[in-house]
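Novice:
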Amino acid sequence: MNRGLILKFENLVQLHGACRQLCTLSYRKVNRAQWKPVQSSAHPVWSVLLYPQFWQKDKLISITLSQHRHLATKEETKKKKKKVPLIKGEVEIRQKMTVEELARAMGKDIDHIYEALLYTDIDLDSLEPDSILYEDHIKLIVKKSGMKYKSAKLREEKERENTDAVKRQAVNYPAVLTPRPPVVTILGHVDHGKTTLLDSLRKTQVASMEAGGITQHIGVPQVHLPSGEKITFLDTPGHAAFSAMRARGTHVTDIVILVVAAEDGVMQQTIESIQHAKNAGVPLILAINKCDKPEADPERVKKELLAHDVVCEEFGGEVQAVNISALKGENLMVLAEATVALAEMLELKADPTGLVEGTVIESRKDKGKGPVTTAIIQRGTLRKGCVLVAGKTWAKVRFMFDENGKVVDAASPGIPVEIMGWKEVPSAGDEILEVESEQRAHEVVAWRTYVEQQERMKRDVEVIEAKQKEHRMEYEKRQQKLAHLTWRQRKAVLYKANKHLMFSKPKERTEMDKNVLSVIVKGDVDGSVEAILNILDSYDADDECKLDVIHFGMGDISETDISLAEAFNGVVFGFSVKANDSIKQLAAKKGIKIKLHNIIYKLIEDLKDELNSRLPPTVAENTVGEASVLDIFSVTAGKNKIPVAGCRVQKGLLDKKMKFKLLRNGDVIWKGSLSSLKHHKDDVQVIKTGMDCGLSLDKYIEFNIGDEIICYEEKEVQQTTSWDPGF
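Position in the sequence shown (first residue = 1) + 13 = the numbering used here.
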């Protein structure tokens with residue numbers, strides 16, 4: 014009986030202690046409470062130890078909690094959620110995790126996170142469960158806990174199914190393969206007659222339509238020979254700015270015709286063209302042009318090419334050499350026959366069946382047609398209604414045109430064609446693949462966009478982490494310098510350092526760095542924009558003036574371009590595009606410059622002039638006269654003695670209004686102006702060559718015999734950029 018009373022009394026005491034602890038926790042708002050049975054001082058501890066089997070702690074606590082449900086909050090309910098199960102000790106981490114999120118991911122309590130950060134540079138007093146941790150601290154905590162970490166985004170990449178379109182396997186059945194026209198690229202130095210050669214073959218005037226007589230686009234005409242043979246030509250630019258176009262031409266070609274002027278010989282772009290052909294593994298035919306000129310020397314050209322591993326047949330090599338005159342049409346049929354003979358040796362065949370494969374040679378945005386591409390079909394037969402994918406865009410073919418602008422119904426392998434129906438403008442050089450349906454095209458584009466985004470995110474993360482590390486190192490260095498100061502002294506030092514920014518307006522802050530040129534580049538075709546951007550990539554004078562390309566694209570100048578230029582205080586450069594009157598009026602109203610050009614090197618020259626205008630002027634000294642000190646004496650003015658130099662003008666003249674400097678043994682001792690200039694006893698303004706004079710300076714300086722007095726004037730000279738685009 015007594016034993017039962019003791020147990021009941023003991024249970025009441027334990028229940029009373031649990032209720033007291035619940036009330037205390039509710040007032041203190043403790044987030045990470047651990048429940049423990051509280052023993053009252055009214056009952057000895059030994060009673061619990063004597064009968065442990067009769068004490069049902071979990072049951073009592075659950076009863077107590079059920080009676081105090083009104084104390085529960087939403088935050089406490091969230092914390093009771095089931096923890097994420099771990100797989101072999103791996104923790105899935107991501108950037109900007111809070112303390113609570115990391116604890117949940119690791120399957121630990123928050124105290125474990127605090128313990129892991131005990132001996133780090135983090136201030137634990139300011140750390141709360143919702144405080145964000147840096148990624149390096151997250152990795153450190155996981156390592157200290159004996160676990161491994163993995164990035165959350167990597168698992169997502171593996172889980173997503175690859176839905177990209179790929180080329181079909183090559184077919185080796187002779188019955189399926191049919192002969193196709195050879196694709197021939199004409200390469201060579203600028204103004205060596207490449208387009209004139211093609212003109213003569215086509216009996217058209219292509220070069221006369223190009224600005225300045227320089228090819229600035231890639232043309233894909235097809236030439237029909239009298240023998241019935243067809244040859245597809247790629248006429249590439251020879252200018253230094255269009256290296257990427259020439260490289261792209263060699264990767265879709267079967268034969269390269271290297272045009273070299275007989276009077277000029279091997280030039281810079283000639284060497285580059287040879288290298289492009291070697292990289293692509295394409296055979297060469299040498300066309301020595303302008304052989305009708307008196308100064309022509311074809312043999313010298315052949316010998317110069319030996320230094321670049323281009324060995325002609327007469328020297329024991331495999332390269333055919335044909336002496337031609339593109340302007341007069343001499344030996345053009347010999348060159349065409351040599352091309353056809355080499356094509357027959359290569360046995361060029363293709364599969365005209367199945368899904369279409371091709372390459373984008375050029376792309377542009379046409380006002381009436383929309384996005385248009387010039388392409389060469391390499392496999393299959395392209396017809397109206399085909400669904401194509403190129404890069405991150407797709408098309409349902411609406412119309413196809415040949416090089417003369419005539420509508421065609423089909424395009425077989427080796428045939429150049431202009432395709433209309435693209436949703437966006439693809440990039441030149443993109444691979445064209447036919448897919449089964451529009452839905453499949455959407456899947457391919459979505460996958461390619463996703464892959465590009467992941468790669469960009471990966472690069473961005475690397476840059477962000479590098480920046481964070483750099484900023485943290487700078488912060489730690491600053492903290493070390495200020496470690497010996499009190500917090501009041503630290504505040505004062507930081508205030509002085511940032512005072513000039515605190516009192517400046519936002520607009521003034523952006524204008525602090527005036528040496529910035531923001532440009533918008535618009536071109537007629539993708540290849541032209543690519544060439545200009547490649548030139549701008551070579552800019553290496555950021556210390557003088559920063560060059561920032563804020564936007565580029567194809568098509569005429571638009572209102573959006575003007576708005577962007579206004580926002581960034583930039584300049585709009587257009588290549589072979591137009592700006593209508595309303596756009597010009599809008600630009601003039603907002604003070605925006607529009608620079609339109611049809612020749613690429615003139616556009617770059619204009620860009621350099623704009624860069625020069627952003628550079629601060631330098632002060633140049635222009636020497637007006639020189640005099641030598643022959644004698645020294647002094648005069649008294651009040652209580653002061655003033656040194657006077659007796660001089661003779663050796664060159665030019667001395668003008669009292671201008672500035673002077675004193676040279677001693679080649680070193681500048683003084684710069685300033687004269688306080689007096691006398692000839693005999695008369696004050697004068699100018700002393701000419703051969704005359705003697707006495708002069709004194711505006712500062713007390715002792716003269717020595719043999720010193721030189723230089724009279725000069727200062728002029729502001731506009732700086733020029735040191736950037737050399739290479740042409």
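Beta carbons are placed, not taken as given, at the ideal position from N, Cα and C, and that holds for glycine.
Could you check the C-alpha separation between H692 and D705 for me, to the nearest Å?
Specialist: Going by the C-alpha atoms only, they are around 7 Å apart.
Novice: Determine the burial state of H580: buried for a count of at least 16 other Cβ atoms within 10 Å of its Cβ, exposed for fewer.
Specialist: Residue identity check: residue 580 is Ala in the sequence provided, not His. Result: exposed.
Novice: Pairs of beta-carbons, one from the segment 336 to 345 and one from the segment 296 to 316, closer than 8 Å: are there three or more?
Specialist: yes
Novice: In three-state terms, what does DSSP make of E128?
Specialist: helix
Novice: Between which two residues does the beta strand (DSSP E) holding H693 run?
Specialist: Here H693 belongs to no beta strand (DSSP E), and DSSP marks it neither H nor E.
Novice: Over what stretch of residues does the alpha helix (DSSP H) that includes M346 continue unbroken?
Specialist: Here the alpha helix (DSSP H) through M346 covers L345 to L359.
Novice: Ignore the nearest five residues each way along the sequence and tell me which others in K654's own chain have a CB closer than 7 Å to its CB.
Specialist: Taking C-beta separations shorter than 7 Å and ignoring five residues to either side along the sequence, the partners of K654 in its chain run S647, following chain order.
Novice: Please check the pair V657 and D720, which I expect to be a contact at CB under 8 Å, by giving their CB distance rounded to whole angstroms.
Specialist: Their Cβ separation, rounded to whole angstroms, is 13 Å, which puts V657 and D720 out of contact at 8 Å.
Novice: Going by alpha carbons, who is nearest to G278 out of K684, H321 and K291?
Specialist: Among K684, H321 and K291, the Cα nearest to that of G278 belongs to H321.
Novice: Which residue marks the beginning of the alpha helix (DSSP H) containing P656, and which one marks its end?
Specialist: Careful: P656 lies outside any alpha helix (DSSP H), inside the beta strand (DSSP E) at N653 to D668.
Novice: For D594, does the count of other Cβ atoms within 10 angstroms reach 16, so buried, or fall short, so exposed?
Specialist: exposed
Novice: Under 8 Å Cβ to Cβ from S213, same chain only, skipping five residues before and after it: list those, please.
Specialist: A339, L340, G342 and L345
Novice: Quick check on the DSSP output: what are the complete beta strand (DSSP E) runs of length 3 or more inside the segment 154 to 200, in order along the chain?
Specialist: 161 to 164
Novice: On the criterion of 16 or more Cβ atoms from any shown chain inside 10 Å, does Y488 qualify as buried, or is it exposed?
Specialist: Label assigned to Y488: exposed.
Novice: Anyone know if the C-beta pair for V538 and V584 falls short of 8 Å?
Specialist: no
Novice: Would you give the residue range spanned by the beta strand (DSSP E) that T387 belongs to?
Specialist: Under the DSSP assignment, T387 falls in the beta strand (DSSP E) whose first and last residues are G383 to R392.
Novice: Give me, in chain order, the residues of the same chain whose beta-carbon lies closer than 8 Å to that of E331; leave out the 5 immediate sequence neighbours on both sides.
Specialist: The answer, listed in chain order, is P296 and V324.
Novice: According to DSSP, simplified to helix, strand and coil, what is A774?
Specialist: Because the chain spans 14 through 740 in this model, residue 774 falls outside it and cannot be assessed.
Novice: Measure the alpha-carbon distance for L131 versus Y147 and round it to whole angstroms.
Specialist: 15 Å
Novice: Taking the straight line between their C-alpha atoms, what separation do you get for V491 and P738?
Specialist: Position check: residue 491 holds Arg in this sequence, whereas Val was assumed. Each residue's Cα considered, the two are about 41 Å apart.
Novice: Is K559 helix, strand or coil by DSSP?
Specialist: strand
Novice: Assuming contact is defined by CB atoms lying nearer than 8 Å, are V448 and V457 in contact in what I supplied?
Specialist: yes
Novice: From what residue to what residue does the beta strand (DSSP E) around D705 run?
Specialist: D705 to L710
Novice: Can you tell me whether S626 is buried or exposed, with buried defined as 16 or more other CB within 10 angstroms of its CB?
Specialist: exposed
Novice: When the Cα of Q732 is compared with those of L624, Q698, V681 and S709, which residue comes out closest?
Specialist: L624
Novice: Check whether the segment 380 to 397 touches the segment 234 to 241, counting contact only when three or more Cβ pairs, one atom from each stretch, lie closer than 8 Å.
Specialist: Two segments are said to touch when three or more pairs of C-beta atoms, one from each, lie closer than 8 Å; by this definition the segment 380 to 397 does not touch the segment 234 to 241.
Novice: Just checking my contact of V697 with D668 at CB under 8 Å: how many whole Å lie between their CB atoms?
Specialist: V697 to D668, Cβ: 10 Å. No contact.
Novice: So, do the segment 346 to 353 and the segment 362 to 378 have three or more beta carbon pairs nearer to each other than 8 Å?
Specialist: no
Novice: Assign I270 to buried or exposed, taking buried as 16 or more other Cβ atoms, counted over all protein chains shown, within 10 Å of its Cβ.
Specialist: buried
Novice: Straight-line CA distance for K91 to D122?
Specialist: Per-residue confidence for K91 stands at a pLDDT of 46, beneath the threshold of 50, marking its modelled position as unreliable; the derived number appears in the next sentence. Their backbone Cα atoms lie some 14 Å apart in a straight line.
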